[in-house]
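The sequence shown runs 13 to 368 under the working numbering. Beneath this line is the structure, given in structure tokens, with notes to follow.
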Amino acid sequence: MRILKILHALQSVVGFRTEDTFPNRPASVEFMDRDGDGPRAAFVHRIGITRRILEDGAFEQMRFLDDYLALCDPRRTEWIRYFMDHNPEFLNGEVHRDRSRLLRPELARCVRRLDAMPVAGVAALVDGVLASERPSTFRIARAVTAHYFSACLQEISGTNVSVDEEVLFGVDIFLPFPRPAHLHACNQRVDSYIAAVRRIREPSPAELIVLLTLLMMGTAPTVATVNWTANRWHRQVTSGTASGSPPPEVDFSLAPTSFVMRRCVEDTEVEGHSFEQGDVVYLFLGEASGCPLHRLNSLPFGAGRHTCSGQPLSRRMLELTHAAFGESRGDWNRAVASGVVPGRSSAFVKFEDVTA
Ligand code: HEM
Numbered sequence: 013m014r015i016l017k018i019l020h021a022l023q024s025v026v027g028f029r030t031e032d033t034f035p036n037r038p039a040s041v042e043f044m045d046r047d048g049d050g051p052r053a054a055f056v057h058r059i060g061i062t063r064r065i066l067e068d069g070a071f072e073q074m075r076f077l078d079d080y081l082a083l084c085d086p087r088r089t090e091w092i093r094y095f096m097d098h099n100p101e102f103l104n105g106e107v108h109r110d111r112s113r114l115l116r117p118e119l120a121r122c123v124r125r126l127d128a129m130p131v132a133g134v135a136a137l138v139d140g141v142l143a144s145e146r147p148s149t150f151r152i153a154r155a156v157t158a159h160y161f162s163a164c165l166q167e168i169s170g171t172n173v174s175v176d177e178e179v180l181f182g183v184d185i186f187l188p189f190p191r192p193a194h195l196h197a198c199n200q201r202v203d204s205y206i207a208a209v210r211r212i213r214e215p216s217p218a219e220l221i222v223l224l225t226l227l228m229m230g231t232a233p234t235v236a237t238v239n240w241t242a243n244r245w246h247r248q249v250t251s252g253t254a255s256g257s258p259p260p261e262v263d264f265s266l267a268p269t270s271f272v273m274r275r276c277v278e279d280t281e282v283e284g285h286s287f288e289q290g291d292v293v294y295l296f297l298g299e300a301s302g303c304p305l306h307r308l309n310s311l312p313f314g315a316g317r318h319t320c321s322g323q324p325l326s327r328r329m330l331e332l333t334h335a336a337f338g339e340s341r342g343d344w345n346r347a348v349a350s351g352v353v354p355g356r357s358s359a360f361v362k363f364e365d366v367t368a
């Protein structure tokens, strides 16, 4: 019952968002009372309050998957557990700081790898999709994102092991209430890739965490952002304004991540709202007040201690994408634009494969 209520509250915001808007929720913060022994849940719809909470030491990162992993076979969720124990996303305090430091130089290697990537190669991929039988912005986004992530995975693993699209785009552990079968499948995909790498070379602990981070935290928001960018490009071309007008700029303003979660660890008040120790807080990363200035009011990479470590890498990927779209000579008018899959409650926005 409680899960259904929370799902409904999440869906009322992220299930009905489009790629360009968060809906209008009248209350700044909605509290859902305790149900039996379960903690109180809070839903924050104002981006200013979200920022304050993310920067406030009274709210900590939480291991929201623990209850669901307890229902799974431990041997079939090994990588998800390892990831949660070692990636900064799920850690607090000094361990979090140490893990973030460990990741930084490895992620910088990925940025350098992309700096050396020829734009012409990415443009050729785009043109390949545009010349295919059923081109869509969804397929462009997948092809381009797979190209970037394959290069990063090869850079970090020190191998040429290729990774297929099912592994890259089939791993999403950031669901509020995942089923065991889903977690088993995600783990299996990650395992198949890591096992292939290990047959050639054993990655160092830092490299291993980056490989897992790329697969479990990197691809989902990136492919959504690239799809969003391709849609903007497509709109510009099909409305006849592409030639002569400046291309749209790299823009992350509408978060492909819909929400993040925190647990309140001491009673506190934020902008007149009282939070109690133990409250589970769902923080939307776009303003959900219907405010027309919402574009200026989003936190695509989060805020505070857990701000996205992959931000420089994502920026580089988006710069390359823009450059490649600019060099592309294919016919964008043939492509179909993919919208956001409606009705979902996942943390990352998903786009529809409209030509499937
Ligand atoms: C457009 C693409 C991306 C978006 C919008 C995005 C968004 C976010 C957000 C909102 C958070 C904060 C989570 C929280 O507060 O709980 C986050 C954290 C994180 N992201 Fe990203 N992300 C993107 C790409 C990437 C990539 C490519 C990587 C690396 C491969 C990455 C690695 C991380 C890591 C390691 C954290 C945890 C940071 C910490 O806890 O200190 N992200 N991301």
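For each residue, glycine too, the CB sits at the ideal point set by N, CA and C.
How would you write the range of the beta strand (DSSP E) that residue i sits in, first residue to last?
| i | result |
| --- | --- |
| Cys-276 | 271-276 |
| Leu-126 | Unbroken run through Leu-126 is the alpha helix (DSSP H), 105-127; no beta strand (DSSP E). |
| Val-235 | Per DSSP, Val-235 belongs to no beta strand (DSSP E); it is in the alpha helix (DSSP H), 231-250. |
| Leu-295 | 292-296 |
| His-285 | 285-287 |
| Phe-372 | This structure cannot settle anything about residue 372, because the visible part of the chain is limited to 13 through 368. |
| Glu-281 | 280-282 |
| Glu-42 | 41-44 |
Mind checking which residues open and close the alpha helix (DSSP H) that includes residue i?
| i | result |
| --- | --- |
| Phe-150 | 149-169 |
| Asp-131 | The sequence given here has Val at residue 131, not Asp. Counting along the chain, the alpha helix (DSSP H) containing Val-131 begins and ends at 131-142. |
| Ala-336 | 323-339 |
| Ala-208 | 192-210 |
| Phe-181 | 177-181 |
| Leu-2 | Only positions 13 to 368 of the chain appear in this structure, which leaves residue 2 out of reach. |
| Leu-81 | 78-81 |
| Tyr-54 | The residue you asked about is not Tyr; residue 54 is Ala in the sequence shown. Ala-54 -> not in any alpha helix (DSSP H); beta strand (DSSP E) instead, spanning 53-56. |
| Asp-97 | 90-98 |
| Ala-21 | 14-22 |
| Thr-62 | 59-66 |
Just tell me which of the options has its CA closest to the CA of residue i.
| i | options | result |
| --- | --- | --- |
| Gly-338 | Leu-22, Asp-78 and Val-131 | Val-131 |
| Arg-125 | Ala-136, Asp-47, Leu-165 and Thr-237 | Leu-165 |
| Arg-87 | Lys-17, Leu-195 and Ser-162 | Leu-195 |
| Ala-349 | Met-44, Ser-286, Val-249 and Ser-24 | Val-249 |
| Phe-95 | Cys-122, Arg-109, Val-141 and Ile-185 | Ile-185 |
| Gly-342 | Ala-128, Pro-215, Gly-69 and Val-141 | Val-141 |
| Asp-279 | Thr-33, Val-366, Asp-68 and Asp-79 | Asp-68 |
| Arg-340 | Trp-240, Asp-365 and Ala-143 | The residue you asked about is not Arg; residue 340 is Ser in the sequence shown. The candidate whose alpha carbon is nearest that of Ser-340 is Ala-143. |
| His-285 | Tyr-80, Ser-40 and Leu-308 | Ser-40 |
| Val-361 | Gly-50, Arg-116, Ala-163 and Phe-181 | Phe-181 |
| Asp-263 | Glu-72, Trp-240, Asp-127 and Arg-247 | Trp-240 |
| Pro-188 | Leu-266, Asn-104, Val-107 and Gly-27 | Gly-27 |
| Trp-344 | Thr-149, Arg-328 and Pro-190 | Thr-149 |
| Arg-328 | Asp-176, Gly-316, Thr-237 and Val-293 | Thr-237 |
| Ala-82 | Pro-192, Ala-207, Ala-120 and Glu-101 | Pro-192 |
How close, in whole Å, do the beta carbons of residue i and residue j come, if the pair is a contact with beta carbons under 8 Å?
| i | j | result |
| --- | --- | --- |
| His-57 | Ala-300 | 4 Å |
| Leu-311 | Ile-59 | 6 Å |
| Thr-269 | Leu-297 | 6 Å |
| Ala-54 | Asp-203 | The pair is not a contact, with the Cβ atoms about 36 Å apart (cut-off 8 Å). |
| Ala-135 | Ala-347 | That belief does not hold up - the Cβ atoms of Ala-135 and Ala-347 are roughly 15 Å apart, past 8 Å. |
| Phe-363 | Gly-355 | Phe-363 to Gly-355, Cβ: 14 Å. No contact. |
Exposed or buried, which one is residue i when buried takes at least 16 other CB atoms within 10 Å?
| i | result |
| --- | --- |
| Thr-225 | buried |
| Ile-212 | exposed |
| Thr-30 | exposed |
| Glu-118 | buried |
| Ile-15 | exposed |
| Gly-314 | buried |
| Leu-330 | buried |
| His-98 | buried |
| Glu-261 | exposed |
| Val-107 | exposed |
| Glu-145 | exposed |
| Ser-326 | buried |
Compute the Euclidean distance between the alpha carbons of residue i and residue j, then round it to the nearest angstrom.
| i | j | result |
| --- | --- | --- |
| Arg-151 | Phe-76 | 32 Å |
| Ala-155 | Arg-274 | 34 Å |
| Gly-230 | Gly-322 | 7 Å |
| Tyr-160 | Pro-38 | 40 Å |
| Val-209 | Glu-283 | 49 Å |
| Ile-18 | Phe-271 | 13 Å |
| Tyr-205 | Pro-304 | 44 Å |
| Asp-47 | Cys-84 | 24 Å |
| Leu-223 | Ala-232 | 14 Å |
| Ile-221 | Arg-93 | 12 Å |
| Glu-178 | Glu-281 | 44 Å |
| Arg-116 | Glu-214 | 20 Å |
| Glu-289 | Asn-172 | The identity of residue 289 in the sequence shown is Gln, whereas the question assumes Glu. Using only the alpha carbons, I get a separation of about 48 Å. |
| Ala-21 | Gly-133 | 44 Å |
| Ala-242 | Val-138 | 10 Å |
| Ser-357 | Ser-216 | 35 Å |
| Pro-35 | Leu-308 | 15 Å |
| Cys-122 | Gln-73 | 26 Å |
| Leu-227 | Arg-244 | 26 Å |
| Val-353 | Met-44 | 26 Å |
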